[in-house]
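Here the structure is laid out as structure tokens; the discussion comes afterwards.
Protein chains: 2
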Amino acid sequence: MPRTGSRRPRDPEATREIILEAARTILAKDGPEGLSLSEVAHLAGVNRGTAYQHFETREKLVQATAEWVSDKLFRAAFGDPETIGERRLDEFDIAEMTDCLAQFAMDNHELCRIWFLQLLSSPDPTTDMFWREYSGSLQRFAESDLAAPGIDAEVLSVMNLAGVFLWPIWAQAHAEDGAGRAQLARRFADECLRLALYGSMRAEAYPGIARRLRKEQR
Amino acid sequence: MPRTGSRRPRDPEATREIILEAARTILAKDGPEGLSLSEVAHLAGVNRGTAYQHFETREKLVQATAEWVSDKLFRAAFGDPETIGERRLDEFDIAEMTDCLAQFAMDNHELCRIWFLQLLSSPDPTTDMFWREYSGSLQRFAESDLAAPGIDAEVLSVMNLAGVFLWPIWAQAHAEDGAGRAQLARRFADECLRLALYGSMRAEAYPGIARRLRKEQR
DNA sequence: CGCCTAATAGGCAGCGCTGTCGATTAGTGG
DNA sequence: CCACTAATCGACAGCGCTGCCTATTAGGCG
Numbered sequence: 006m007p008r009t010g011s012r013r014p015r016d017p018e019a020t021r022e023i024i025l026e027a028a029r030t031i032l033a034k035d036g037p038e039g040l041s042l043s044e045v046a047h048l049a050g051v052n053r054g055t056a057y058q059h060f061e062t063r064e065k066l067v068q069a070t071a072e073w074v075s076d077k078l079f080r081a082a083f084g085d086p087e088t089i090g091e092r093r094l095d096e097f098d099i100a101e102m103t104d105c106l107a108q109f110a111m112d113n114h115e116l117c118r119i120w121f122l123q124l125l126s127s128p129d130p131t132t133d134m135f136w137r138e139y140s141g142s143l144q145r146f147a148e149s150d151l152a153a154p155g156i157d158a159e160v161l162s163v164m165n166l167a168g169v170f171l172w173p174i175w176a177q178a179h180a181e182d183g184a185g186r187a188q189l190a191r192r193f194a195d196e197c198l199r200l201a202l203y204g205s206m207r208a209e210a211y212p213g214i215a216r217r218l219r220k221e222q223r
Numbered sequence: 006m007p008r009t010g011s012r013r014p015r016d017p018e019a020t021r022e023i024i025l026e027a028a029r030t031i032l033a034k035d036g037p038e039g040l041s042l043s044e045v046a047h048l049a050g051v052n053r054g055t056a057y058q059h060f061e062t063r064e065k066l067v068q069a070t071a072e073w074v075s076d077k078l079f080r081a082a083f084g085d086p087e088t089i090g091e092r093r094l095d096e097f098d099i100a101e102m103t104d105c106l107a108q109f110a111m112d113n114h115e116l117c118r119i120w121f122l123q124l125l126s127s128p129d130p131t132t133d134m135f136w137r138e139y140s141g142s143l144q145r146f147a148e149s150d151l152a153a154p155g156i157d158a159e160v161l162s163v164m165n166l167a168g169v170f171l172w173p174i175w176a177q178a179h180a181e182d183g184a185g186r187a188q189l190a191r192r193f194a195d196e197c198l199r200l201a202l203y204g205s206m207r208a209e210a211y212p213g214i215a216r217r218l219r220k221e222q223r
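Going line by line, the protein sequences match chains X and F.
To convert, take the position in the first sequence, counting from 1, and add 5; that gives my numbering.
To convert, take the position in the second sequence, counting from 1, and add 5; that gives my numbering.
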């Protein structure tokens with residue numbers, strides 16, 4: 006018997022977007038397990054039944070949010086997915102791309118963390134556009150003569166992304182203001198580059214490990 | 006009016022341990038947000054009221070579990086905390102320690118992930134014994150002549166641990182059996198060592214980045 | 001042996017979330 | 001202009017969890 010009050014004008018697309026936006030807020034606040042359709046609907050200013058019509062279950066809603074994150078990550082790192090084919094040929098700047106990625110991760114650390122953990126436990130990560138492009142790029146880089154020899158691109162992809170997406174959590178907890186966060190972001194970027202160029206252990210001081218690696222690669 | 010049934014013999018220590026063990030199981034299954042005192046108590050075979058007496062709130066229980074993980078990590082990496090002072094003098098094997106750590110992380114990946122994420126967002130990580138010892142060791146290593154110059158030990162600690170604790174999630178999702186997991190663990194260890202020794206980008210191919218790093222360090 | 005603390009157990013009220021209804025009504029197409 | 005689809009809304013029952021309460025009783029101590 007709903008006779009009272011004004012009703013949202015019919016616009017499924019917009020309603021879906023409002024719900025998704027609310028879901029992002031709640032997700033960032035409480036994590037995927039803490040998200041309830043009830044709370045999302047309330048924050049979105051939408052009836053619970055309406056939310057249920059758009060996303061049958063909580064899991065679907067989380068999934069849709071993860072896809073949104075993946076899309077944003079892709080755009081931050083590689084630009085418009087439509088034109089990616091044309092630009093793939095010329096080498097692009099890895100340091101620059103990592104910077105953009107790290108920046109997006111700093112601005113959306115909770116959502117990025119959630120997305121990344123989902124990716125890691127996904128049985129088939131290649132369904133994720135961003136992961137496909139990122140690990141593919143790293144693979145191509147590893148095969149180029151700009152790279153150090155013997156890279157395991159898959160492992161290195163995971164390690165790199167783990168740093169990129171988890172460091173912002175630390176930064177968020179330890180910086181008192183925007184300037185502090187920016188400085189921590191800078192330190193992270195520098196250390197990434199330093200590690201990429203020089204490693205952390207002086208190779209000549211560890212002949213045993215060097216031998217093990219050579220043997221490992223057969 | 007509890008007159009029926011047998012009652013658990015009084016043993017607060019053991020009861021607490023049983024509850025903690027159940028909590029670890031639930032945590033590993035559902036994550037910190039999915040844990041409820043109700044479910045823990047049921048799994049532990051303990052009355053809910055009893056569980057409440059030992060851990061006033063859910064958060065306390067999660068906290069206690071995190072401390073358990075930290076302690077186990079410490080022992081896996083550094084041995085008995087009681088005797089740590091004696092052994093600190095001689096240099097210990099970083100590769101070996103990382104191997105032990107990675108092994109423990111592979112065997113307890115959900116709990117390790119939870120502990121690590123808590124550590125990252127903790128305002129004062131130095132209250133955690135394992136973190137204190139780990140980052141301290143890395144700091145001392147960075148200052149030794151075995152290390153590459155210019156290491157930011159704090160950032161590198163976070164990056165290393167991020168890899169160590171998140172890779173097992175990937176491994177768990179992608180290995181069909183124990184042998185597969187062991188092989189993935191091996192690949193991870195090798196890539197860690199390779200990266201530590203040689204980095205990922207041929208430094209001579211990136212003079213611009215090398216310049217930026219030199220300038221950054223003033 | 002009896003007392004007494006506190007460890008264990010069970011119950012009650014309240015709350016939020018989930019599924020799932022049916023009722024309403026805004027657009028859309030004929 | 002009317003019919004109809006489906007988007008939106010409100011309500012109900014069921015369930016699990018939380019906080020808190022009291023009842024019981026095991027085990028320690030004088």
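The C-beta atom is built at its ideal place from N, Cα and C for all residues, glycine as well.
All of these numbers come straight from a predicted model, not from anything done at the bench.
Counting along the chain, the unbroken alpha helix (DSSP H) around F/Asn-165 starts and ends at 158-179. With the criterion set as a beta carbon lying under 7 Å from some beta carbon of chain X, the members of the region 133-160 of chain F are Leu-151, Ala-152, Ala-153, Gly-155, Ile-156, Asp-157 and Val-160, in sequence order. Remark: C-beta atoms of X/Leu-161 and F/Glu-196 approach each other more closely than 8 Å. Interface annotation, F/Gly-36: in contact with chain X, CB-CB separation under 8 Å. For F/Leu-106, no CB of chain X lies under 8 Å from its own CB, so it is not counted at the interface with that chain. Within chain X, not a single residue places a beta-carbon under 8 Å from that of F/Trp-73; the smallest gap is close to 21 Å.
Proximity of chain X to F/Ile-23 at the Cβ level (cut-off 7 Å) is not reached, the minimal Cβ distance being about 24 Å. Looking at the DSSP output, X/Met-206 shares a beta bridge with F/Ala-152. The Cβ atoms of X/Val-163 and F/Trp-172 lie closer than 8 Å to each other. The continuous alpha helix (DSSP H) containing X/Gly-213 extends over residues 212-221.
Proximity of F/Pro-128 to chain X, defined by a Cβ-Cβ separation below 8 Å, is satisfied. In the DSSP assignment, X/Arg-80 falls within the alpha helix (DSSP H) that extends over 63-83. Sixteen is the threshold: since fewer than 16 other Cβ atoms of the shown chains lie within 10 Å of the Cβ of F/Glu-181, the residue is exposed. Exclusion of the five residues before and after X/Ile-174 leaves His-114 as the residues of its chain whose Cβ lies within less than 6 Å of its Cβ.
In this structure, the straight-line span from the alpha carbon of X/Phe-109 to that of X/Cys-117 is close to 9 Å. Its Cα nearest to that of X/Gly-213, the residue F/Glu-101 stands out among F/Gly-50, F/Gln-177, F/Glu-101 and F/Ala-184. According to the DSSP assignment, X/Glu-18 belongs to the alpha helix (DSSP H) that extends over 17-35. Following the DSSP letters along the chain, one finds F/Arg-118 inside the alpha helix (DSSP H) bounded by residues 114-126.
With 16 or more other CB atoms across the displayed protein chains lying within 10 angstroms of its CB, F/Arg-199 is buried.
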